[in-house]
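Novice:
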Amino acid sequence: MKIIINGKTSEYDRQPTIAEVVNDIGADQKRAAVILNEDIVKRTEWINTQLKDGDSIEILVLAGGG
Amino acid sequence: MIVDELKLADKTFSSRLILGTGKFSNSQVMIEAIKASGTQLVTVALRRFNPERPTDDLYAPLTELPEVTVMPNTSGAMNAQEAVRAALLGRELTGSRFVKVEIHPNPHHLMPDAIETLKAAEILVEEGFAVMPYIPPDPILAKRLEDAGCASVMPLGAPIGSGQGLTTLNLIKLIIREARIPVIVDAGLRAPSEAAAAMENGCGAVLVNSAVAAADDPVMMARAFAEAVKAGRTAFQAGLMPTREQAEATSPLTAFLNSTS
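Residue numbers (this note's numbering), protein chains in the order written: chain A, 1 to 66; chain B, 1001 to 1261.
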């Protein structure tokens, strides 16, 4: 199945949870925030939320800004 | 001794200089500049995690500064809905109640969208945020945002990153005249003297980013801005002398020096 992660399409041979995807791209769970298909998903829900084919996930962190 | 603290929502700050964290060459310089500035409030942005650049993530550097309050901005948002989403994400990431609402859809001048900013501010105040909106220097808009429950208003001095200086002082003075929340000049400043001028005229605080980060020596410049903000605030409290069209001597014009004939 295909998932769009931060704008890039990725192939998965299973249905990963948000927690797994965050881990897979190398982000630190404590330092990231997630949007799944337009909705913000709280960190406590990542382990319970499974992604479907075609889902779009944004994994965001803090960056410099004015 | 009168304690002169900056009050924003339910927090008080002894520093009236706020620093942006963008454009620094590396996070070590950023940390040193923040320390040198004495600031207790910094802005941050949100961006996609990039596995090729994991050190762009400010989370770790910011934990070195536990006394500094982190305020996410909504930079990148093109409208109120996106700004609200960015604010909620920022709160997820930082736990902070503070949010700088900035909505600037035009990349040439980065001027804030007043209408979307007011919409976003009203929603975010309802959601319990301490809203700090980045605005054009419009006294009517400023009053609406104050009435909506914002913690401050942040009128621009000049376009973001332009270094054009405090070009909007006359209009900012109109805002200060009627504001009952702090008026914080944000954007466009270049020199510490401009920060001092803003404070002398009654601004509650000043926010700079490029002026420090893009200086030849950001750490030194951060120190200069800290001193300028303090000088300007003290001058404001001291009360500047009146201006006159006619000269008034400060020494007695003593007749004995004149020739007697």
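We treat Cβ as the ideally placed atom computed from N, Cα and C, and that holds for glycine.
List, from N- to C-terminal side, the beta strand (DSSP E) runs of 3 residues or more that fit wholly inside the segment 1092–1130 of chain B.
Specialist: Runs of the beta strand (DSSP E) inside the segment 1092–1130 of chain B: 1098–1101.
Novice: Can you give the Cα-Cα distance for A/N37 and B/R1223, rounded to whole angstroms?
Specialist: Each residue's Cα considered, the two are about 44 Å apart.
Novice: Hey, is B/R1085's beta-carbon within less than 8 Å of any beta-carbon in chain A?
Specialist: Yes, B/R1085 counts as interfacial toward chain A.
Novice: Which value, in whole angstroms, describes the spacing of the CA atoms of B/A975 and B/K1143?
Specialist: Residue 975 of chain B is absent from the structure shown; chain B starts at 1001 and stops at 1261.
Novice: Spell out a yes or no on whether the segment 1146–1153 of chain B and the segment 1180–1194 of chain B are touching, meaning 3 or more CB-CB pairs, one atom from each, closer than 8 Å.
Specialist: Contact holds: three or more Cβ-Cβ distances are below 8 Å.
Novice: Excluding sequence positions up to five away, which residues of its chain have a Cβ less than 7 Å from the Cβ of B/H1109?
Specialist: Correct list, in chain order: P1159.
Novice: According to DSSP, simplified to helix, strand and coil, what is B/R1047?
Specialist: It is a strand residue.
Novice: List the whole-angstrom C-beta distance separating A/L60 from B/L1046, where the pair is believed to meet the contact cut-off of C-beta under 8 Å.
Specialist: Their Cβ separation, rounded to whole angstroms, is 5 Å, which keeps A/L60 and B/L1046 in contact under 8 Å.
Novice: Per DSSP, B/G1020 is paired with what?
Specialist: B/T1043, per the DSSP bridge assignment.
Novice: Relative to the C-alpha of B/G1076, which residue among B/F1098, B/A1249, B/P1105, B/V1003 is closest?
Specialist: Of the listed residues, the one whose Cα sits closest to B/G1076 is B/P1105.
Novice: Inspect the beta-carbon positions of B/T1039 and B/M1030 and report whether they are closer than 8 Å.
Specialist: Cβ atoms of B/T1039 and B/M1030: not closer than 8 Å.
Novice: Straight-line CA distance for A/N6 to B/R1048?
Specialist: Cα to Cα, the separation comes out at about 6 Å.
Novice: Taking 8 Å as the cut-off, decide whether the C-beta atoms of B/A1033 and B/P1218 are in contact.
Specialist: Yes, the Cβ-Cβ distance between B/A1033 and B/P1218 is below 8 Å.
Novice: Is the shortest distance between the beta-carbon of A/V21 and the beta-carbons of chain B less than 8 Å?
Specialist: A/V21 does not count as touching chain B.
Novice: Any idea if B/I1140 is buried or exposed, counting beta-carbon neighbours within 10 angstroms, 16 or more meaning buried?
Specialist: The residue is exposed, with fewer than 16 neighbouring Cβ atoms inside 10 Å.
Novice: Hey, how far is the Cα of B/A1255 from the Cα of B/E1248?
Specialist: Approximately 17 Å between the Cα atoms of the pair.
Novice: If you run the structure through DSSP and keep just helix, strand and coil, what is B/V1003?
Specialist: Of the three classes helix, strand and coil, the one that applies to B/V1003 here is coil, per DSSP.
Novice: Give me the DSSP bridge partner(s) of B/M955.
Specialist: Any answer about residue 955 of chain B is impossible in this case: the structure gives chain B only from 1001 up to 1261.
Novice: Within 8 Å of any Cβ in chain B, is that where the Cβ of A/I3 sits?
Specialist: Answer no: the Cβ-Cβ gap between A/I3 and chain B never drops below 8 Å.
Novice: What residue does the alpha helix (DSSP H) around B/A1033 start on, and which one ends it?
Specialist: Note, B/A1033: alpha helix (DSSP H), 1027–1037.
Novice: In three-state DSSP terms, what is B/D1056?
Specialist: Correct three-state label for B/D1056: helix.
Novice: Contact between the segment 1116–1126 of chain B and the segment 1008–1028 of chain B is defined here as three or more beta-carbon pairs at a separation below 8 Å; is this criterion met?
Specialist: No, the segment 1116–1126 of chain B does not touch the segment 1008–1028 of chain B.
Novice: Would B/E1082 pass as an interface residue toward chain A - the criterion being a Cβ-Cβ separation below 8 Å?
Specialist: No, no contact with chain A.
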